[in-house]
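Peer 1: To start, I am sharing the structure in question, which I have written as structure tokens.
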Amino acid sequence: MDVTGRVRAGVLLACAVVVLLTAWYAGSRVPQSAPAPAPGSVFLGPEPGEEVSAYLARLPAELPAPGTVALALVQFEAALPVPDAMAAVGAATPVTAVLRVPVPRVQTALRFEPLETGAPAPAALATAREHARREAEAAAQRLSGRPADVAAVEARALADPAAPCVLALVVRADRAGLDAVAVAQAVRAVHAAPAGVTARELALAPLLPEQVRRADPPPDDGVVAPS
3 MDVTGRVRAG VLLACAVVVL LTAWYAGSRV PQSAPAPAPG SVFLGPEPGE EVSAYLARLP
63 AELPAPGTVA LALVQFEAAL PVPDAMAAVG AATPVTAVLR VPVPRVQTAL RFEPLETGAP
123 APAALATARE HARREAEAAA QRLSGRPADV AAVEARALAD PAAPCVLALV VRADRAGLDA
183 VAVAQAVRAV HAAPAGVTAR ELALAPLLPE QVRRADPPPD DGVVAPS
């Protein structure tokens, strides 16, 4: 290769190095976005088959540090009417409602209803109850046999604004707020998520009133009136 060729090759090589360094520098200056958290990746509630006493005993250690705001699953002793559920969580902000119609010895559906943001909490809960009623009504029309009868019972109960149907609420509060909720008379358990977790990341499985010793499936041998 003559001198001119070597000079030209050297210039091209130098240009390529400059381009690569410029691209690396630009890439290093752009913040890399973290991958979106997977829905349902943070579990709140007892593990299947877990001893209820062991579950309740481990919850205080999972509360956030003082002054830290976090989401928490507030689980009631029994399903409550909307006004009573609101009273039980006090100043905490409800985010998601878990609705269930109690029927003795019958497995009824858990219905998870995100609450409308910006609306007063009682109105948001009333809207969630109505949405659950429509879902139950649609299920009663779509299914047959015992499942249809159970869904029809649920739809009739959810049509009553005074129905005791709020089994649990996901709320947002700081440590002091969650401590206050935990000692409310109607509250059975408060299971806090790690700080920074969003409602989208939660998988919820609240304790059922029938689950006294272990978190096992409840009986399903009760009588259901035909729809």
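Okay, so the sequence shown: first residue is 3 according to the numbering used here, each after it adds one.
Glycine is no exception: its CB is placed at the ideal position from the N, C-alpha and C atoms.
Is any beta-carbon of chain D found at less than 8 Å from that of residue 196?
Peer 2: Although the question refers to chain D, the structure presented lacks it and comprises just one protein chain.
Peer 1: What is the rounded straight-line gap between the Cα of residue 49 and the Cα of residue 191?
Peer 2: Residue mapping note: residue 49 aligns to position 47 of the sequence shown, counting from 1. Residue mapping note: residue 191 aligns to position 189 of the sequence shown, counting from 1. When rounded, the distance between both Cα atoms is 14 Å.
Peer 1: With burial defined as no fewer than 16 other Cβ atoms inside 10 Å of the residue's Cβ, what is the status of residue 80: buried or exposed?
Peer 2: Translated into the one-based positions of the sequence shown, residue 80 becomes position 78. With fewer than 16 Cβ atoms within 10 Å of its Cβ, residue 80 is classed as exposed.
Peer 1: Determine whether the beta carbon atoms of residue 135 and residue 161 lie at a separation below 8 Å.
Peer 2: Within the sequence shown, residue 135 is the residue found at index 133, counting from 1. Within the sequence shown, residue 161 is the residue found at index 159, counting from 1. Cβ atoms of residue 135 and residue 161: closer than 8 Å.
Peer 1: Using the C-alpha atoms, what's the distance from residue 60 back to residue 102?
Peer 2: Walking along the sequence shown from the start, residue 102 turns up at place 100. Walking along the sequence shown from the start, residue 60 turns up at place 58. Spanning the two alpha carbons is a distance of roughly 25 Å.
Peer 1: Take the Cβ of residue 18 as the centre, count every other Cβ of all protein chains shown within 10 Å, and call the residue buried at 16 or more, exposed below.
Peer 2: Residue 18 sits at position 16 when you count from the first residue of the sequence shown. Residue placement at residue 18 is flagged as unreliable, the pLDDT there being 43, under the threshold of 50; a coordinate-derived value is accordingly withheld.
Peer 1: For residue 107, which residues from the same chain have a beta carbon less than 8 Å from its beta carbon, with the 5 sequence-adjacent residues on both sides left out?
Peer 2: Working through the sequence shown from its first residue, we reach residue 107 at position 105. Counting only Cβ-Cβ distances below 8 Å, and skipping sequence neighbours, we find 220, 221, 222, 223 and 224.
Peer 1: State buried or exposed for residue 113, treating a residue as buried only when at least 16 other CB atoms are found within 10 Å of its CB.
Peer 2: Position 111 of the sequence shown, counted from the first residue, corresponds to residue 113. By the neighbour-count rule (16 or more Cβ atoms within 10 Å), residue 113 is buried.
Peer 1: For residue 172, name the three-state secondary structure that DSSP assigns.
Peer 2: Here residue 172 corresponds to residue number 170 of the sequence shown, with the count starting at 1. Strand at residue 172.
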